[in-house]
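Read the structure below first, then the notes.
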Amino acid sequence: MTREGWREPAVLRAWGSVELWIAVVALAVIFVSVLWQVVSRFVPALNWPGVGELASYSLIVLTFIMVGYLIGNNGHIAIQIIDYLVKGRAFAVVKAVSAACTAVICAMLVWEAYHLIVAYSGRRTAALGIPIGILYAVPLIGFASGAIRAVVRIFAAGHEDVPFDAAEAR
Amino acid sequence: GNTPAPEGANPTLALKIGSSQPETQPNFHCGMKLLKERIEAQAELNLTIDMFPNSQLGPDAERFAGVQSGDIDIDLQGGSAMSTAFPKIGVLDAAYAFNDIDHFFKWVDQNGKDFFTEFNTATNTTILDAWYFGMRTFTATKPIRKPEDLAGLKIRFPNTPQFLANAEALGANAVAIAVEELYLALQQGVAQGQENPVVATHAQKFDEILKSASLTNHQVGVHFVVVSDKTLDKMSQPQKDALTKAVHDIRAENRKCVDDETEKVLTGWRADSTRTVVEIDQIDRAAFIGKAEAFFNKHYTGDNLKLYQSIRASA
Amino acid sequence: MILELWMVGVAIAVLLFIRVPVGLAFIGPSLWYALADGRSAGFALKTTFDGLNSFPLLAVPLFILVGVLANRLGIADRLYEFCLAALGRLRGNLAYVNVGSAVGFSWMSGSALADVAGLGKMQIPQMVKAGYPHGFASGLTAASSLISPVMPPSIPAVIYAATATVSTGALFAASVLPAFAMAIGLCVYIFIWTARRPQFTSVPFDRARFTRASVGAVGPLLTPVILLGGILSGTFTPTEAASVAVLYMLILGVFYRTARLRVLVQAARETAVITGGIMLILGAAALLGLILTRAHVSRDVAEFLTGVSSNPWVFMILVNLILLVLGCLIDATAIILVTVPVLLPIAIEFGIDPIYFGVVMIINLMIGLLTPPVGSVLYITSSVTGKPVDVIFRGVAPFLVPLLLVLIVVTALPGVVLWLPNLLGF
Ligand code: NA
Ligand code: NA
Chain A
2 MTREGWREPA VLRAWGSVEL WIAVVALAVI FVSVLWQVVS RFVPALNWPG VGELASYSLI
62 VLTFIMVGYL IGNNGHIAIQ IIDYLVKGRA FAVVKAVSAA CTAVICAMLV WEAYHLIVAY
122 SGRRTAALGI PIGILYAVPL IGFASGAIRA VVRIFAAGHE DVPFDAAEAR
Chain B
9 GNTPAPEGAN PTLALKIGSS QPETQPNFHC GMKLLKERIE AQAELNLTID MFPNSQLGPD
69 AERFAGVQSG DIDIDLQGGS AMSTAFPKIG VLDAAYAFND IDHFFKWVDQ NGKDFFTEFN
129 TATNTTILDA WYFGMRTFTA TKPIRKPEDL AGLKIRFPNT PQFLANAEAL GANAVAIAVE
189 ELYLALQQGV AQGQENPVVA THAQKFDEIL KSASLTNHQV GVHFVVVSDK TLDKMSQPQK
249 DALTKAVHDI RAENRKCVDD ETEKVLTGWR ADSTRTVVEI DQIDRAAFIG KAEAFFNKHY
309 TGDNLKLYQS IRASA
Chain C
2 MILELWMVGV AIAVLLFIRV PVGLAFIGPS LWYALADGRS AGFALKTTFD GLNSFPLLAV
62 PLFILVGVLA NRLGIADRLY EFCLAALGRL RGNLAYVNVG SAVGFSWMSG SALADVAGLG
122 KMQIPQMVKA GYPHGFASGL TAASSLISPV MPPSIPAVIY AATATVSTGA LFAASVLPAF
182 AMAIGLCVYI FIWTARRPQF TSVPFDRARF TRASVGAVGP LLTPVILLGG ILSGTFTPTE
242 AASVAVLYML ILGVFYRTAR LRVLVQAARE TAVITGGIML ILGAAALLGL ILTRAHVSRD
302 VAEFLTGVSS NPWVFMILVN LILLVLGCLI DATAIILVTV PVLLPIAIEF GIDPIYFGVV
362 MIINLMIGLL TPPVGSVLYI TSSVTGKPVD VIFRGVAPFL VPLLLVLIVV TALPGVVLWL
422 PNLLGF
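Protein chains in written order, with my numbering: chain A, 2 to 171; chain B, 9 to 323; chain C, 2 to 427.
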């Protein structure tokens with residue numbers, strides 16, 4: 002089934018599929034870790050204090066790595082009142098302003114992520130000993146990707162979007 | 009801005025103080041509330057204290073990060089949440105490292121200065137003093153008198169490296185359960201016991217389910233009163249002195265509150281025929297301490313081992 | 002900083018209005034406020050990040066995955082066939098089947114979206130073919146999908162329990178009767194509606210078909226037994242139950258030979274994008290919540306509301322009205338996260354049980370999923386059926402009557418809500 006409307010440039014679509022794969026792996030880790038915690042209570046040999054941390058950080062990775070993908074594919078939860086109030090050229094202007102605001106917010110978060118990476122360099126997580134700087138690199142990547150895609154969207158504001166369908170996410 | 013205060017002037021500051029403890033607990037009403045009253049009574053200091061009990065500012069580890077960044081001015085923290093920033097402080101939480109709270113305060117008064125200076129260098133936060141929180145003990149479905157009694161019981165320990173090492177040192181089967189799900193997990197039998205000070209166990213209603221309390225007193229629970237250096241930089245010397253003195257003065261009063269509250273809960277438990285209270289002298293302490301020492305002497309290395317051994321030597 | 006706080010509120014409203022993603026619309030002004038208030042660089046992101054670091058929230062992606070798998074592995078189809086075989090002899094049978102399969106599916110799905118997307122795609126065309134008006138078919142499907150997020154497992158319940166620090170298990174138990182009440186409310190409406198329309202006939206009961214369908218649905222129908230049984234027997238906690246439910250769906254899929262790798266990967270992709278959207282809002286709301294806490298806004302709102310009236314019923318009516326209005330305008334998850342820390346302490350002060358309060362709040366906000374301008378179920382029904390949103394809403398509107406009546410009944414009867422959790426000893 003092909004849908005009409007604007008799509009992201011090919012480079013961003015390729016990067017989007019990488020982001021989605023990272024999220025899929027994180028989801029699998031969450032499932033296995035939480036299940037592991039259940040099983041390890043009955044099989045003490047499998048007891049490993051890292052599972053809780055692994056699951057929680059995987060959820061964080063999933064969340065932040067999807068930020069850019071969802072901006073690029075019009076998939077974030079947003080309030081679409083204005084779609085019914087404003088039509089045509091005015092609506093394109095609204096979309097451009099909206100994308101610009103999104104880009105600015107993402108850029109500010111990239112700046113914050115950078116500060117956190119610097120501030121927490123050398124610190125590690127309690128159970129697994131993962132460098133915390135690596136964890137803050139995920140939101141840095143996610144929001145940088147989001148900022149780039151939002152900037153692209155400013156220029157594509159005049160085109161109609163493909164409606165987002167989670168079931169067909171690629 | 010972090011511009012130092014001019015000589016002799018007390019800048020007007022509103023200090024935010026956080027804690028995990030709810031308003032019903034001694035460390036709130038005999039701790040941070042007393043601090044607020046006494047500091048604000050000295051009007052010339054120009055200090056107000058804005059209280060956030062009950063983890064309103066987030067869980068322990070996240071609040072400590074807030075103290076480091078200067079987003080929280082003062083906080084009450086156990087050792088384990090601060091050990092990711094300064095691993096050595098975890099050693100103070102080792103099972104049976106200290107015999108009792110007297111031993112702990114004696115050690116703090118003799119060795120605290122160097123230790124806290126080292127802590128300050130590593131974390132950019134300053135420990136003003138420690139307030140007592142209670143001795144950690146087991147509450148479970150069965151009495152625990154000696155290490156062997158722990159076999160076959162799944163006991164919930166907080167999921168941090170030092171607490172899990174304590175479980176191993178005592179011979180307990182630790183199970184990981186998030187604190188949010190602990191009450192239900194105990195009720196449904198996912199775990200058969202947990203360890204906490206008596207007052208905290210009662211406050212979180214775990215004693216509704218677990219009818220055997222064993223006063224193993226295996227770990228001294230304290231809350232360090234820790235201040236952000238970013239906050240101290242903004243304060244005048246008289247303000248810093250007054251704050252330090254107030255925190256230090258509260259230590260003894262707070263301890264009496266915790267002891268009274270512990271005794272009150274224990275009296276209730278002892279009077280209840282459905283409960284067992286295994287008293288301190290009914291516990292095979294020598295067996296527990298011997299087991300824990302043998303474990304930690306192997307478990308720790310380097311500076312941590314030296315610290316652990318010096319604490320044990322001062323017992 | 003009071004003026005700045007009002008500016009944050011206005012900025013968020015403006016950003017939401019021009020369709021900036023909800024999560025980012027919360028974060029942007031909050032980040033600016035935090036810096037203006039002297040917070041460290043990184044405060045906003047760190048608070049958002051920490052807001053996601055919570056064990057109970059792991060149930061969110063896992064319960065979404067359960068619903069997606071139930072759709073993709075043919076498990077939902079089996080429930081539908083079972084309901085069709087069982088309820089065929091009733092007049093207006095397809096309408097009852099719609100509600101019945103929603104109830105069956107609700108034990109596997111924690112959100113309304115999976116329900117409309119999966120069952121709706123199949124049921125609306127079949128009802129239209131059987132002569133039901135399009136508005137009735139899509140309205141009923143949208144309305145019955147609300148049973149999923151109320152019946153356990155429920156994603157709003159997981160989020161409420163984590164925010165209010167109450168037992169997820171108790172909230173699950175308390176939601177069972179209200180979820181059935183919603184189903185009964187819809188059935189009563191169907192009964193009245195078909196009574197005046199003799200053209201809807203029934204088909205005779207077919208024993209062979211019923212037996213076949215029952216055998217085929219044994220696995221799916223055991224899901225609640227495994228979920229609640231496992232929690233009540235102490236085998237796993239409510240969060241862990243989510244992973245067991247995923248495992249159970251996978252086992253059923255292997256057994257039914259529908260669990261092919263390609264299908265599983267696409268299910269994981271779908272779950273990942275849905276989760277990403279919800280979780281960003283969760284983290285953002287944690288940031289906004291901390292800013293409001295530090296400024297003692299909750300305390301001030303509490304003082305205002307307790308000043309209005311000292312009667313708990315007046316308070317509950319007020320809460321219901323506020324939530325119904327908010328539910329029309331804002332995403333349900335965001336409302337739970339932002340309002341619970343403010344409203345729950347007041348409710349507790351009034352002697353209102355936090356579990357009962359959660360059930361009322363969830364039913365109320367789920368009704369908001371059906372109302373414009375912000376009603377995600379409405380939009381999904383529209384995209385599934387290819388009809389415009391305003392046409393769908395005209396079909397949905399009559400069903401708001403039975404649902405609002407259920408909300409009133411549930412609000413008025415806290416004892417009934419708390420009966421099951423008390424019975425189970427929560
Ligand atoms: Na459900
Ligand atoms: Na709505």
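Just so you know, even glycine gets a beta-carbon here, dropped at the ideal spot from N, CA and C.
Just so we're clear, the structure is a prediction, and the values are computed from it rather than from any experiment.
Local Cβ density within 10 Å of residue i, reported as buried at 16 or more and exposed below that
i	result
C:PRO389	exposed
B:TRP139	buried
C:GLN200	exposed
B:GLY9	The predicted model places B:GLY9 with a pLDDT of 40, which falls under 50 and marks its position as unreliable; any figure quoted below should be read in that light. Exposed: under 16 other Cβ atoms inside 10 Å.
B:THR343	Nothing about residue 343 of chain B can be reported from this structure: the residues present for chain B run from 9 to 323 only.
C:ILE349	exposed
A:HIS77	buried
C:ASP51	buried
C:ARG197	exposed
A:MET2	The predicted model places A:MET2 with a pLDDT of 39, which falls under 50 and marks its position as unreliable, so this point remains unresolved.
C:ALA45	buried
B:ARG278	exposed
B:GLN245	exposed
B:LYS306	exposed
A:LEU86	exposed
C:VAL402	exposed
C:GLU241	buried
Beta-carbon neighbours of residue i, restricted to chain A and to distances below 8 angstroms
i	result
B:THR92	ARG124, ARG125, THR126, ALA127
Three-state secondary structure assigned by DSSP to residue i
i	result
B:HIS231	strand
B:PHE124	helix
B:ASN10	Since pLDDT at B:ASN10 reaches only 48, below the 50 mark, its modelled position is unreliable, and no value is offered.
C:ILE3	helix
A:HIS160	coil
A:MET2	Confidence in A:MET2 is poor, its pLDDT being 39 and thus under 50, which makes the residue's placement unreliable; the coordinate value appears in the next sentence. It is coil, neither helix nor strand.
B:TYR104	coil
C:PRO62	helix
B:ILE325	This structure leaves residue 325 of chain B out entirely; chain B is present only between 9 and 323.
C:LEU223	coil
B:GLY142	strand
Listed by chain order, chain C residues near residue i by CB distance under 9 angstroms
i	result
A:SER57	LEU53, ASN54, SER55, PHE56, LEU58, LEU59
Beta-carbon proximity of residue i to residue j, cut-off 7 angstroms
i	j	result
C:PRO150	C:ALA209	no
C:LEU360	C:SER176	At residue 360 of chain C the sequence reads Val, which differs from the Leu that was named. Contact flag set, yes.
C:ALA243	C:PHE64	yes
B:ALA184	A:GLY51	no
C:SER146	C:VAL117	yes
C:PRO313	C:ILE353	yes
C:ALA143	C:SER55	no
B:GLN33	B:ALA211	yes
A:GLY89	A:GLY17	no
B:GLN202	B:GLY98	no
C:SER203	C:LEU91	yes
B:THR209	B:ILE291	no
A:MET67	C:GLY277	yes
Listed by chain order, chain B residues near residue i by CB distance under 9 angstroms
i	result
A:GLY134	Here the premise fails: no neighbours, minimum Cβ distance about 13 angstroms.
C:PHE44	GLY74, SER77, ASP79
C:ILE232	LEU192, GLN196
Chain B contact residues for residue i, given Cβ-Cβ distances below 8 angstroms
i	result
A:PRO45	ASN181
A:GLN81	Ordered by position in chain B, no residue passes the 8 angstroms Cβ test against A:GLN81, which lies about 33 angstroms from the chain.
A:ARG42	LYS162, VAL183, VAL198
Closer than 8 angstroms at the beta carbon, the chain D residues around residue i
i	result
B:ASN132	Chain labels in this structure do not include chain D; the protein chains are A, B and C.
Beta-carbon neighbours of residue i, restricted to chain A and to distances below 7 angstroms
i	result
C:GLU241	VAL35, GLN38, VAL39
Partner residues on chain B for residue i, Cβ-Cβ distance less than 7 angstroms
i	result
A:PRO50	ASN167, LEU172, ALA184
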